[in-house]
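Engineer:
Numbering (UniProt numbering), first residue to last: 1 to 128.
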């Protein structure tokens, strides 16, 4: 049995224990099940969207009311950010690897006849 089915079964059992008693609170049961009474809901598919927009406008009014008092906090946070940005830029410059060029030594080139074998030595080995 999958976890989803198992959880649903446990919820069903919990509801039976909770609501199949003599002091059942049907309002709470309706809230838990998320059910609406037939005919009480709106048939307008855009009603939920309009309600959500109304909630958003209330939030905007709340935000406008309290945003005016927080200007000093915003200025303080901007100053802190400016100081941090300055410190971060200085730290980045200090941490950047500085290119150091080392002078290269010239590679010695061998003379053209330096590694030739002596023909006299090879002749002595052949005679033996």
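Glycine included, every Cβ here is placed at the ideal spot set by N, Cα and C.
In chain order, what residues of the same chain lie with their CB nearer than 6 angstroms to the CB of residue 28, ignoring the 5 residues before and after it?
Structural biologist: none
Engineer: Helix, strand or coil for residue 4 per DSSP?
Structural biologist: helix
Engineer: State the Cα-Cα distance for the pair residue 109 and residue 97, rounded to the nearest angstrom.
Structural biologist: Approximately 34 angstroms between the Cα atoms of the pair.
Engineer: Helix or strand or just coil, what does DSSP make of residue 31?
Structural biologist: helix
Engineer: Give the DSSP-derived three-state secondary structure of residue 23 in the structure shown.
Structural biologist: Under the three-state reduction of DSSP, residue 23 is assigned to coil, being neither helix nor strand.
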